[in-house]
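Enquirer: Handing you a structure now.
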Amino acid sequence: MRTVYVNGEYLPENEAKVSIFDRGFLMADGVYEVTSVLDGKLIDFDGHAVRLQRSLNELDMANPISKEDLLEVHRELVRLNGIEEGMIYLQITRGAPDDRDFAFPDPEKTPCTVVLFTQNKPGLANNPAALKGMKVISIDDIRWGRRDIKTVQLLYPSMGKMMAKKAGADDAWMIEDGFVTEGTSNNAYIVKGNKIITRALSNDILHGITRAAVLRFAKEAQMEVEERNFTIEEAREADEAFITSASTFVMPVVEIDGVSLGDGTPGHVAPRLREIYLDESLKKAI
Ligand code: PDD
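Here it is in structure tokens:
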């Protein structure tokens, strides 16, 4: 049984409780982060802590836990649960007032709820899916306009994942005004020759922590990076495609809407970036 963290306490998972009035539960009024663990160490903890603070600021939520304490909780959960490879899920909500109300509660009277738990995933780095590549379908992006804030409002991404499964694919890329925004839980990229193309940062997509690292490593490896919109038609004709996220790192995409990319294998750029990302991130893991 896992040991989880709730509001200052480490508890067995079946004893951890949150109020039915919690605004995370009633209104998706909360933010989250997923940090990966490799070799028992945290990958890019700093990046996740900075984005968490930004999400909280954008929603006018006071951060209830310092970065130092947050790091300590992450490490303690890794230790208590013996995690070598996996993820730490962190969620902070606007807390539990004593009734349901659209207006935000007084933060002096209603402290935020802080929950963290581990997800043990042995073999995450050597995921065989990375050798095969994944299939994606395209769907409309009907999410709200502040996708840069990492809120727990994940119903449409969940539905997108189910649409993909139903179509025999692994994930869905979302399209807005003809252009790909991102995957249901990852950032999306295409490759043409030696050039990596991905949508520029804005309120339309989540500012992926893995994205930032991968683009940096790509530039350091003399690969060309172009941050611009691309259509799904352009993607279907690309040489390669891939996604990035904290839980998949760099994962090749070999098929879009039933159309194979290149020769239908992961290609060269995505596998190389995956290797560089894993090597370099591990060096800096804490
Ligand atoms: N998802 N875009 C969306 C919509 C996401 O949900 C995520 C992350 C990303 C990639 O961000 P990062 O590289 O910081 O993980 C992009 C996490 C992993 C999840 O929901 O499980």
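Numbering (the working numbering), first residue to last: 3 to 288.
Even for Gly, the Cβ is constructed at its ideal location relative to N, Cα and C.
It should be emphasised that the depicted structure is a prediction, and the values quoted were computed from it without experimental measurement.
Taking all protein chains shown into account, decide if I67 is buried (16 or more other Cβ within 10 angstroms of its Cβ) or exposed.
Expert: Buried, because 16 or more other Cβ atoms sit within 10 Å of the Cβ of I67.
Enquirer: A182: beta carbon under 7 Å from a heavy atom of the ligand PDD?
Expert: Per the sequence presented here, residue 182 reads as Val, with Ala not at that position. No, the ligand PDD has no heavy atom inside 7 Å of this Cβ.
Enquirer: Based on Cα-Cα distance, which residue from H270, T250 and L263 lies nearest to G88?
Expert: Nearest of H270, T250 and L263 to G88, Cα basis: T250.
Enquirer: Please find out if some non-hydrogen atom of the ligand PDD comes closer than 7 Å to the beta-carbon of T120.
Expert: No - the ligand PDD has no heavy atom lying nearer than 7 Å to the Cβ of T120.
Enquirer: Over the uninterrupted alpha helix (DSSP H) stretch that includes T233, give me the two end residues.
Expert: Careful: T233 lies outside any alpha helix (DSSP H) and carries neither H nor E.
Enquirer: Anything with a beta carbon under 6 Å from a heavy atom of the ligand FAD counts; list them all in chain order.
Expert: The model on display carries the ligand PDD but not the ligand FAD.
Enquirer: Between which residues of its own chain and F47 is the CB-CB distance below 8 Å, once the five residues before and five after are set aside?
Expert: Correct list, in chain order: T37, L73, H76 and I288.
Enquirer: How many Å lie between A214 and F27 at the Cα?
Expert: Approximately 31 Å between the Cα atoms of the pair.
Enquirer: Got a sec, what are the start and stop residues for the beta strand (DSSP E) D173 sits in?
Expert: Here the beta strand (DSSP E) through D173 covers D173 to E178.
Enquirer: Going along the chain, which unbroken runs of the alpha helix (DSSP H) with 4 or more residues stay wholly within the region 182-267?
Expert: Taking only runs of at least 4 residues, the alpha helix (DSSP H) segments lying wholly in the region 182-267 are 211-222 and 234-238.
Enquirer: Who are the near neighbours of I308 in its chain, counting only those whose CB is closer than 6 Å to its CB and skipping five residues on each side?
Expert: For residue 308 there is no data in the structure shown, the boundaries of the chain being 3 and 288.
Enquirer: Taking the Cβ atom as the reference point for each residue, do F232 and I199 lie within a distance shorter than 8 Å?
Expert: Cβ atoms of F232 and I199: closer than 8 Å.
Enquirer: So what does DSSP say about S2, is it helix, strand or coil?
Expert: The question about residue 2 has no answer here: the residues shown for the chain are numbered 3 through 288.
Enquirer: Closer than 7 Å by C-beta to H209: which residues in its own chain qualify, once you throw out the five before and the five after it? Chain order, please.
Expert: Closer than 7 Å at the Cβ level, and outside the excluded window around H209, lie R53, D150 and L203.
Enquirer: Buried or exposed: which applies to I144, given that a residue is buried once 16 or more other Cβ atoms fall within 10 Å of its Cβ?
Expert: Flag for I144 reads exposed.
Enquirer: Please tell me whether A223 and Y191 are closer than 8 Å, where the distance is taken between their beta carbons.
Expert: Against a cut-off of 8 Å, the Cβ pair of Y191 and A223 comes out as no contact.
Enquirer: Quick one: which unbroken alpha helix (DSSP H) runs of 4-plus residues sit fully inside the region 17-57? Chain order, please.
Expert: Entirely contained in the region 17-57, the alpha helix (DSSP H) runs reaching 4 residues are, in chain order, 25-29.
Enquirer: Our contact map puts V80 next to V116 with C-beta atoms below 8 Å; I'd like the distance itself, whole angstroms only.
Expert: Not a contact, Cβ separation roughly 17 Å.
Enquirer: Straight-line CA distance for P289 to D24?
Expert: Lying before the first or after the last residue shown, residue 289 is absent from the chain, which here runs from 3 to 288.
Enquirer: List, from N- to C-terminal side, the beta strand (DSSP E) runs of 3 residues or more that fit wholly inside the region 71-126.
Expert: Within the region 71-126, the complete beta strand (DSSP E) runs of at least 3 residues are 88-95 and 115-122.
Enquirer: My output table needs one value for P1: the three-state DSSP class, helix, strand or coil.
Expert: It is not possible to answer for residue 1, since the shown part of the chain is limited to 3 through 288.
Enquirer: Can you grab the Cα-Cα spacing for the pair E78 / E235, in whole Å?
Expert: Roughly 47 Å separates the two Cα atoms.
Enquirer: Could you tell me which of I45, G84 and V138 sits nearest to D281, measuring between CA atoms?
Expert: Comparing Cα-Cα distances from D281 to each of I45, G84 and V138, the minimum goes to I45.
Enquirer: For the pair the region 127-139 and the region 165-175, tell me if three or more CB-CB distances fall below 8 Å.
Expert: Judged by Cβ distances under 8 Å, the region 127-139 makes contact with the region 165-175, as three or more pairs qualify.
Enquirer: I need the boundaries of the beta strand (DSSP E) containing V6, first residue and last residue.
Expert: Unbroken beta strand (DSSP E) run through V6: T5 to V8.
Enquirer: Are the Cβ atoms of M165 and I141 separated by less than 8 Å?
Expert: A contact, by the Cβ cut-off of 8 Å.
Enquirer: With distances taken Cα to Cα, identify the nearest neighbour of A127 among N16, T120 and E86.
Expert: Minimum Cα distance to A127 is reached at E86.
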